[in-house]
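Student: Numbering (this note's numbering), first residue to last: 3 to 429. Each residue gets a CB set at the ideal place from its N, CA and C atoms; glycine is no exception.
#1: Mark residue 106 as exposed unless 16 or more other C-beta atoms lie within 10 angstroms of its C-beta, in which case mark it buried.
#2: I'd like to know whether the C-beta atoms of residue 350 and residue 331 end up nearer to each other than 9 Å.
#3: With which residues is residue 224 paired in a DSSP beta bridge?
#4: Considering only the beta carbon of each residue, do residue 323 and residue 316 sit closer than 9 Å?
#5: Confirm, please, whether the CB-CB distance from residue 41 to residue 19 is below 9 Å.
#6: Tell me the residue span of the alpha helix (DSSP H) that contains residue 212.
#7: Per DSSP, what kind of secondary structure is residue 377 in: helix, strand or coil?
#8: Can you check the segment 166-206 for any beta strand (DSSP E) of at least 3 residues that lies completely inside it and give the ranges in chain order?
#9: Pick from 45, 218, 153: whose alpha carbon is nearest that of residue 73?
#10: Grab me the residues of residue 346's own chain with a C-beta within less than 6 Å of its C-beta, minus the 5 sequence neighbours each way, in chain order.
#11: Given a cut-off of 9 Å, decide if residue 197 and residue 172 are closer than it, judged by their beta-carbon atoms.
#12: What first and last residue would you give for the alpha helix (DSSP H) that runs through residue 318?
#13: If I follow the unbroken alpha helix (DSSP H) through residue 415, where does it start and stop?
#14: Would you tell me roughly how many angstroms separate the C-alpha atoms of residue 112 and residue 147, rounded to the nearest one?
#15: Tell me which same chain residues have a C-beta within less than 6 Å of the C-beta of residue 116, skipping the five on either side of it?
#16: Could you say which of 218, 65, 386, 353 lies nearest to residue 167 if we only look at CA atoms?
#17: Examine chain B for any beta-carbon lying closer than 9 Å to the beta-carbon of residue 148, and answer yes or no.
#18: Let's see if you can read the secondary structure: which residues bound the beta strand (DSSP E) around residue 392?
#19: Quick one: any contact between the segment 11-18 and the segment 210-217, if contact means 3 or more CB pairs under 8 Å?
#20: Using the rule of at least 16 other Cβ atoms within 10 Å of the residue's Cβ for burial, across every protein chain shown, is residue 136 buried or exposed?
#21: Kindly indicate which three-state DSSP category residue 401 falls into: helix, strand or coil?
#22: Would you mind reading off the limits of the beta strand (DSSP E) that contains residue 8?
#23: Is the segment 70-89 touching the segment 125-133, taking contact as three or more C-beta pairs under 8 Å?
#24: For residue 53 and residue 109, I'd like the C-alpha separation in whole angstroms.
#25: Using C-beta distances below 6 Å, list every residue in its chain close to residue 180, excluding the 5 sequence neighbours before and after it, in chain order.
#26: List the residues that DSSP assigns as beta-bridge partners of residue 371.
#27: Just confirm the distance between the C-beta atoms of residue 206 and residue 134, as a whole number of angstroms; I'd bet it's less than 8 Å.
#28: In chain order, what residues of the same chain lie with their CB nearer than 8 Å to the CB of residue 2, ignoring the 5 residues before and after it?
#29: Would the segment 354-371 count as touching the segment 398-416 if we require 3 or more Cβ pairs under 8 Å?
#30: Measuring straight from C-alpha to C-alpha, what distance separates residue 188 and residue 132?
#31: Looking at the unbroken beta strand (DSSP E) that takes in residue 303, where does it start and where does it end?
#32: Report the option in 174, 43, 49 whose CA atom is closest to the CA atom of residue 4.
#33: With H, G and I counted as helix, E and B as strand and the rest as coil, what does DSSP make of residue 331?
#34: Using the Cβ count rule (16 or more neighbours within 10 Å means buried), how would you classify residue 233?
#35: Three or more C-beta pairs under 8 Å: does that hold for the segment 217-228 against the segment 243-252?
#36: What residues match up with residue 81 in a beta bridge as DSSP calls it?
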């Protein structure tokens with residue numbers, strides 16, 4: 003179904019993929035896993051043609067179609083249902099041609115083809131997908147401009163599901179879905195007839211949907227038959243085997259070094275042979291280098307009040323997001339905010355950040371309390387800036403919990419950006 007042959011792709015001199023070849027058969031649900039920054043999204047872009055490989059080829063089986071979630075919606079006032087129906091391009095083209103064609107033979111073919119692709123059942127199928135993703139009949143009749151970013155992401159997902167591609171690429175598809183919708187989506191994908199390749203940080207979703215795991219590590223891709231739980235068991239066994247080999251290597255290396263320390267009279271073989279073995283054992287480490295992200299910041303002494311919310315209310319028109327909400331935040335609390343899209347999670351954060359005002363109530367911020375806010379929708383980058391330049395706009399240095407002052411470059415290294423990547427442009 004999908005063939006990748008000898009693909010190599012480099013970023014700032016670092017190989018994300020190095021001479022990778024694989025074939026993904028039809029009908030499988032493949033979960034793509036790997037450390038952040040290993041190249042999962044890059045692989046998707048290479049498959050979709052958004053990026054060009056330095057070497058190698060990507061090819062689909064003849065007549066196969068590729069589906070990628072895109073959020074470029076038409077601006078002509080179409081309803082959500084009409085937008086999803088338009089995602090089946092063949093159906094849309096045939097229906098338009100049927101209205102204008104004067105060729106009776108051509109018209110006959112068009113209606114025959116429309117029957118083959120179940121075009122007349124399309125409205126009910128599109129409505130069913132939208133309903134599964136949380137849009138009731140009234141919402142389906144509205145235009146896309148009526149919805150927030152999270153809901154628009156659901157419409158984009160509905161479009162690609164409706165188009166029924168033979169190969170479906172999904173990059174973090176559950177990001178904008180609530181728990182009920184994820185359950186529906188999970189069942190939908192489990193019964194999908196085509197091939198699915200997906201990336202997700204939701205381990206439960208990954209385990210439930212996948213029947214194969216594709217692991218990206220050190221520029222290579224390894225296949226595992228089975229779901230994510232099976233993959234974890236196999237990886238654990240592999241790690242045990244590698245550790246045993248490493249233990250034997252170290253024991254042998256210790257033995258060889260001990261021999262070299264013996265006097266010349268006590269040696270029974272040539273030193274060069276042992277030196278060669280020592281060099282081989284040093285170069286033969288079975289353990290791969292794992293770069294851990296280690297970050298800690300020096301904080302000021304906090305007062306009695308960290309953040310205090312008293313009786314705040316916020317509503318838009320007749321939609322009450324929250325009413326008379328109270329909470330006194332304590333030092334070192336870690337609080338997760340959950341709820342369906344549109345319930346007011348982001349609005350609450352914006353109230354705390356003083357970007358918008360609540361309708362009633364008050365928010366009291368402690369004297370030494372400071373905020374860092376990572377937003378859902380990040381502003382556009384200046385593509386001509388380097389990574390380092392962008393970070394230095396916010397700070398050139400930062401003091402960590404151990405009291406050491408670190409430069410922006412040193413902090414970027416902790417986020418796994420090496421020197422070359424720091425000088426790369428953001429584009």
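Tutor: On the basis of the supplied data:
#1: Along the chain shown, read from residue 1 onward, the residue named residue 106 stands at position 104. With fewer than 16 neighbouring CB atoms inside 10 Å of its own CB, residue 106 falls in the exposed class.
#2: The residue labelled residue 350 in the question sits at position 348 within the chain shown. The residue labelled residue 331 in the question sits at position 329 within the chain shown. With contacts defined as CB atoms closer than 9 Å, residue 350 and residue 331 fail to qualify as a contacting pair.
#3: Taking the first residue of the chain shown as position 1, residue 224 is located at position 222. Beta-bridge pairing by DSSP links residue 224 to 217.
#4: Start at 1 with the first residue of the chain shown, and residue 323 comes out as number 321. Start at 1 with the first residue of the chain shown, and residue 316 comes out as number 314. In this structure, residue 316 lies closer than 9 Å to residue 323 by Cβ.
#5: By one-based count along the chain shown, residue 19 stands at place 17. By one-based count along the chain shown, residue 41 stands at place 39. The Cβ atoms of residue 19 and residue 41 sit closer than 9 Å to each other.
#6: Sequence index remark: in the chain shown, residue 212 carries index 210 (1-based). That residue, residue 212, is in no alpha helix (DSSP H); it is neither H nor E in DSSP.
#7: Here residue 377 is taken as the residue at index 375 of the chain shown, counted from 1. Of the three classes helix, strand and coil, the one that applies to residue 377 here is coil, per DSSP.
#8: Fully enclosed beta strand (DSSP E) runs of 3 or longer: 169-173, 197-201.
#9: Looking up residue 73 in the chain shown gives position 71. Nearest of 45, 218, 153 to residue 73, Cα basis: 153.
#10: To locate residue 346, count along the chain shown from 1; it is residue 344. Cβ-Cβ distances below 6 Å link residue 346 to 323, 324 in the same chain, with the five nearest sequence neighbours on each side left out; the list follows chain order.
#11: Start at 1 with the first residue of the chain shown, and residue 172 comes out as number 170. Start at 1 with the first residue of the chain shown, and residue 197 comes out as number 195. No. Outside cutoff.
#12: Here residue 318 refers to the residue found at position 316 when the chain shown is read from its first residue. Careful: residue 318 lies outside any alpha helix (DSSP H), inside the beta strand (DSSP E) at 309-318.
#13: Start at 1 with the first residue of the chain shown, and residue 415 comes out as number 413. Start and end: 410-416.
#14: By 1-based counting over the chain shown, the position of residue 112 is 110. By 1-based counting over the chain shown, the position of residue 147 is 145. In a straight line, the C-alpha of residue 112 is about 33 Å away from that of residue 147.
#15: Looking up residue 116 in the chain shown gives position 114. Same-chain partners within the cutoff: 96.
#16: If you number the chain shown from 1, residue 167 lands on position 165. The option with the nearest alpha carbon to residue 167 is 65.
#17: Although the question refers to chain B, the structure presented lacks it and comprises just one protein chain.
#18: Within the chain shown, residue 392 is the residue found at index 390, counting from 1. Here residue 392 belongs to no beta strand (DSSP E); instead the alpha helix (DSSP H) covers 389-394.
#19: No: the two stretches stay apart, fewer than three of their Cβ pairs being nearer than 8 Å.
#20: Taking the first residue of the chain shown as position 1, residue 136 is located at position 134. It counts as buried.
#21: Translated into positions along the chain shown, residue 401 becomes position 399. In the structure shown, residue 401 sits in a strand (DSSP, three-state: E or B).
#22: Position 6 of the chain shown, counting from 1, holds the residue named residue 8. Taken as a continuous stretch (DSSP letters only), the beta strand (DSSP E) holding residue 8 covers 4-13.
#23: At 8 Å Cβ cutoff, the stretches touch.
#24: As a first step, residue 53 must be located in the chain shown, where it is residue number 51. As a first step, residue 109 must be located in the chain shown, where it is residue number 107. Within the model, the alpha-carbon separation for residue 53 versus residue 109 is close to 39 Å.
#25: Here residue 180 corresponds to residue number 178 of the chain shown, with the count starting at 1. The residues are 342.
#26: In the chain shown, residue 371 corresponds to position 369, counting from 1. The partner list for residue 371 (beta bridge, DSSP) is empty, contrary to what the question assumes.
#27: The residue given as residue 206 occupies position 204 in the chain shown. The residue given as residue 134 occupies position 132 in the chain shown. Cβ atoms of residue 206 and residue 134 stay farther apart than 8 Å, at about 18 Å.
#28: Since the displayed the chain opens at 3 and closes at 429, residue 2 lies outside it and no answer follows.
#29: In short, these stretches do not touch, since the Cβ pair count stays below three.
#30: Here residue 188 refers to the residue found at position 186 when the chain shown is read from its first residue. Here residue 132 refers to the residue found at position 130 when the chain shown is read from its first residue. C-alpha separation (whole angstroms): 15 Å.
#31: Position 301 of the chain shown, counting from 1, holds the residue named residue 303. Neither: residue 303 is in no beta strand (DSSP E) and is coded neither H nor E.
#32: In the chain shown, the residue the question calls residue 4 occupies position 2. When each option's Cα is compared against that of residue 4, the closest is 49.
#33: For the purposes of this step, residue 331 is identified with residue 329 of the chain shown, where counting begins at 1. DSSP, reduced to helix, strand and coil, places residue 331 within a strand of the structure shown.
#34: In the chain shown, residue 233 corresponds to position 231, counting from 1. Its Cβ being crowded by 16 or more others within 10 Å, residue 233 is buried.
#35: Taking 8 Å as the limit for Cβ pairs, the verdict is that the segment 243-252 does not touch the segment 217-228.
#36: As a position in the chain shown, residue 81 is number 79, starting the count at 1. BP columns for residue 81 point to 145.
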